[in-house]
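Worksheet: one structure, shown below.
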Amino acid sequence: MHIPDGFLTFNVWGAAWLVSAGGISYCLRKTSQVLKDRMVPLMGVISAFVFAAQMVNFPVVGGTSGHLLGGILAAILVGPYVAAVVISVVLLVQCIIFQDGGLTALGANIFNMSIVGTMGGYLVYLGVRKISGKHGPIMPATAIASWFSVVLASLFCSFELVLSEISPLNVVLPAMLSIHMLIGIGEAMITCFVVGFVIKVRPDLIYGK
Amino acid sequence: MEHSYIDEFAGSRDSFLHRLDPRTKIITLFTLLLFIILSPANAYKNFFLYAAVIFIQILLCRIPLLKVIKRSLVVIPFVLVAAIFIPFIKEGEVIGSYSLGYFNAELTRQGLLIFWNISIKAYLSTLCLILLIATTRFTELLKGLEKMKFPRVIILILSFMYRYIFVIYDELLKIVRSKEARSVTGFRLSDIKIFSNIIGVLFIKSYERAEAVYLAMLSRGFEGQVNIFTELKFRGRDIFFMAILIITFIIIKFIR
């Protein structure tokens, strides 16, 4: 889902950069209120963690392999604001060092995976938990939110490609959505297992608990 | 994981480009990237000349060309997934028609032009980024960005991340190795739970490490502000390099 340079028109990537920069600076302000001066070391180390976790590939059907996006995982463990910043930082490093996604498209990639995927996915998580009662089980909410975070991110990715007139909506949307609906299942399973593990071992590390 | 994994070419090699101020490289390569992105699709000559500028620099700074090309292929999967059908679905002047059973594919000139446009731009931009990171150490890059007023907090987070990527990745490798030593090797789909537990352990270890780091910083007098010691200076060769390249870009832009 990392869009390279050249795919998006200036209007799209320029606007995405503005929205992402605004969103991330809002998250940073929020984070510094909550975490105070613990913010920098914690976010640095957690970014390194997400980065390392993404490096472990797991098999997907048909001999291909995928990796964790980790937006919802991070949001449930350290809160949505920290998570959004962490995912953006990871995307930045992937862009500069591994050329995963382009520099001009980075704003769009941050918007898709960090703002929509992580923050939006966390809203889904909160919504499901609200419906199932405040002390309702975390797992179903985690699973649904992780699935939605991947699918929503791919949805916005498709919109950006359509707006840039790369591909018509009726082609790119079904292709992107169907692939990411499958990937989302893997994401949901892993996120659930990890969160379940942390609840068992260090329940105090779950955000907002 | 070794440091050389990230600073693979920047750390071990030395050349004119490696010794330039990081800001010089950030500015020129970003400018080149913008020139490439904003070129019209049918400016074939210009793309060729931009590519020549990039490859001349790669050769000048003695980074192995083959490795660069291998690295640059990272962009191919997304191009294929997102754009391979464009030449067939875009409406326009038909230049070729293939029949595959029930499916009749028509190749159009407009579709091919879009495909060429995004492929060449994505590829050349990737080369720009590779050139930047292959001639600049990550720490130098951060110094440069800091001097260019990039948000300070992000720089600090990045420098912490850079310091701990190696530590945490080593931790991960240790856990994976001990898992493999105790079980049949290779992940299967049913191993997804084991895999998740590994990530869980890694998270707890990372979090505890972050707390330990913070406490260590406090005990050394940390008061909520980190001061990065930087000394960067533009020199004659920086201005010379930047001027030459940007003039070249502008000249190329007007070649038709």
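As they're listed, the protein sequences go chains A and B.
Residue numbers for the first sequence follow this note's numbering, beginning at 29 and rising by one.
Residue numbers for the second sequence follow this note's numbering, beginning at 26 and rising by one.
Positions of the beta carbon are idealized from the N, C-alpha and C atoms, including for glycine.
Interface partners of A:P231 on chain B, CB under 8 Å: Numbered from 1 along the first sequence, position 203 holds the residue referred to as residue 231 of chain A. By Cβ distance, chain B contributes nothing, its closest Cβ being about 11 Å from A:P231, past 8 Å.
Chain B residues whose Cβ lies nearer than 8 Å to that of A:T170: Locating residue 170 of chain A in the first sequence gives position 142, counting from the first residue. Simply none; closest approach about 12 Å.
First through last residue of the alpha helix (DSSP H) which encompasses B:Y232: As a working mapping, residue 232 of chain B is identified with position 207 in the second sequence. It spans I217 to S244 - the alpha helix (DSSP H) in which B:Y232 sits, taken as one unbroken run.
Same chain, Cβ closer than 6 Å to B:T161, neighbours up to 5 away in sequence not counted: One-based indexing of the second sequence puts residue 161 of chain B at position 136. Only A35, P47 and K50 meet the Cβ criterion.
Buried or exposed by the 16-neighbour rule on C-beta atoms within 10 Å, applied to B:P89: Here residue 89 of chain B refers to the residue found at position 64 of the second sequence. With fewer than 16 other Cβ atoms within 10 Å, it is exposed.
Against chain B: residues of the region 212-226 of chain A by CB proximity under 9 Å: G214, M217, I218, T219, C220, F221, V222, V223, G224, F225 and V226
Buried/exposed call for A:I138, threshold 16 Cβ in 10 Å: For the purposes of this step, residue 138 of chain A is taken as residue 110 along the first sequence, with counting starting at 1. Counting Cβ neighbours within 10 Å, A:I138 comes out buried, since at least 16 surround it.
Reference B:I101; option with closest CA among B:I264, B:Y148, B:F191 and B:D32: Residue mapping note: residue 101 of chain B aligns to position 76 of the second sequence, counting from 1. Looking at the Cα atoms, B:Y148 is the closest of the given residues.
Beta carbon of A:D65 nearer than 8 Å to that of B:F185: Residue numbering aside, residue 65 of chain A sits at position 37 when the first sequence is read from its first letter. Residue numbering aside, residue 185 of chain B sits at position 160 when the second sequence is read from its first letter. No, the pair does not count as a contact, with Cβ atoms beyond the cut-off.
Option in B:E236, B:D32, B:L137 and B:F41 with minimal Cα separation from B:R260: For this step, residue 260 of chain B is matched to residue 235 along the second sequence. Of the candidates B:E236, B:D32, B:L137 and B:F41, the one whose C-alpha sits nearest the C-alpha of B:R260 is B:F41.
The region 59-77 of chain A / the region 147-158 of chain A touching (three or more Cβ pairs under 8 Å): no
A:G130: contacting residues in chain B (beta-carbon distance under 7 Å): The residue you call residue 130 of chain A lines up with position 102 of the first sequence. Residues of chain B passing the Cβ test: A147 and S150.
Contact with chain A by B:A159, beta-carbon distance below 8 Å: Walking along the second sequence from the start, residue 159 of chain B turns up at place 134. No, no contact with chain A.
Coarse secondary structure for B:Y123, derived from DSSP in three states: The count along the second sequence starts at 1 and reaches residue 123 of chain B at position 98. Three-state DSSP puts B:Y123 in a strand.
Any alpha helix (DSSP H) of 4 or more consecutive residues that is wholly inside the region 134-209 of chain A: 134-138, 149-159 and 166-191
Secondary structure of B:T133, DSSP reduced to three states: Numbered from 1 along the second sequence, position 108 holds the residue referred to as residue 133 of chain B. Of the three classes helix, strand and coil, the one that applies to B:T133 here is strand, per DSSP.
Pairwise C-alpha distance: A:L197 and A:F187: Within the first sequence, the letter at position 159 stands for residue 187 of chain A. Within the first sequence, the letter at position 169 stands for residue 197 of chain A. One C-alpha to the other measures close to 8 Å.
Beta carbon proximity, A:M167 to chain B, threshold 8 Å: Within the first sequence, the letter at position 139 stands for residue 167 of chain A. No - not a single Cβ of chain B is within 8 Å of the one on A:M167.
Cβ-based neighbour list, A:V106, same chain, cut-off 7 Å, excluding 5 preceding and 5 following: Along the first sequence, one-based indexing puts residue 106 of chain A at 78. So the qualifying residues of the chain are I74 and Y235.
B:M242 versus A:V68, A:S48, A:Q82 and A:Y150, residue with shortest Cα-Cα distance: Stepping through the second sequence from its first residue, residue 242 of chain B is reached at position 217. It is A:V68 whose Cα lies nearest to the Cα of B:M242.
Close Cβ partners of B:A130 (< 6 Å) along its chain, the five nearest in sequence each way excluded: As a first step, residue 130 of chain B must be located in the second sequence, where it is residue number 105. Once the five neighbours on either side are set aside, the close Cβ partners of B:A130 are F113 and Y123.
Contact set between A:Q61 and chain B, taken where Cβ atoms lie within less than 9 Å: Stepping through the first sequence from its first residue, residue 61 of chain A is reached at position 33. None at all; the shortest Cβ gap to chain B is about 13 Å.
At least 3 beta-carbon pairs within less than 8 Å: the region 65-82 of chain B vs the region 186-200 of chain B: no
Where A:G34 sits in the DSSP three-state scheme: Stepping through the first sequence from its first residue, residue 34 of chain A is reached at position 6. Note: A:G34 maps to coil in three-state DSSP.
Close beta carbons around A:G91, own chain, < 8 Å, minus the five adjacent residues each side: Along the first sequence, one-based indexing puts residue 91 of chain A at 63. In this prediction, A:G91 has a pLDDT of 49, which is less than 50 and means its spatial position is unreliable; nothing more can be read from the coordinates.
Spatial distance of B:E33 from B:F163 (CA atoms): Along the second sequence, one-based indexing puts residue 33 of chain B at 8. Along the second sequence, one-based indexing puts residue 163 of chain B at 138. Using only the alpha carbons, I get a separation of about 10 Å.
Counted within 10 angstroms of its Cβ, other Cβ atoms place B:N142 as buried (16 or more) or exposed: Your numbering for residue 142 of chain B matches position 117 in the second sequence. It is buried - the Cβ of B:N142 has at least 16 other Cβ atoms within 10 Å.
CB of B:L138 within 8 Å of CB of B:A66, strictly: Counting from 1 along the second sequence, the entry for residue 138 of chain B is found at position 113. Counting from 1 along the second sequence, the entry for residue 66 of chain B is found at position 41. Contact: yes.
Closest residue to A:G148 among A:S206, A:A103, A:I194 and A:L210 (Cα-Cα distance): Start at 1 with the first residue of the first sequence, and residue 148 of chain A comes out as number 120. The option with the nearest alpha carbon to A:G148 is A:A103.
Local Cβ density within 10 Å of B:L84, reported as buried at 16 or more and exposed below that: One-based indexing of the second sequence puts residue 84 of chain B at position 59. By the 10 Å Cβ count, B:L84 comes out exposed.
Helix, strand or coil at B:A35 according to DSSP, with G and I counted as helix: Residue 35 of chain B sits at position 10 when you count from the first residue of the second sequence. Three-state result, B:A35: coil.
B:N71: contacting residues in chain C (beta-carbon distance under 7 Å): The structure shown contains no chain C; its protein chains are A and B.
Minimum Cβ-Cβ distance from A:G91 to chain B less than 8 Å: One-based indexing of the first sequence puts residue 91 of chain A at position 63. Because A:G91 carries a pLDDT of 49, less than 50, the predicted location of this residue cannot be relied on, and the following value inherits that uncertainty. Closer than 8 Å: no.
Distance between B:V226 and A:K228 (C-alpha atoms, nearest Å): Locating residue 228 of chain A in the first sequence gives position 200, counting from the first residue. Locating residue 226 of chain B in the second sequence gives position 201, counting from the first residue. A:K228 and B:V226: Cα-Cα distance of roughly 11 Å.
Given B:T62 as reference, the closest of A:L101, A:L131, A:W45 and A:A43 once Cα atoms are compared: Within the second sequence, numbered from 1, the residue matching residue 62 of chain B stands at position 37. The amino acid occupying residue 62 of chain B in the given sequence is Ile; Thr does not appear at that position. Checking every option, the nearest Cα to that of B:I62 belongs to A:L131.
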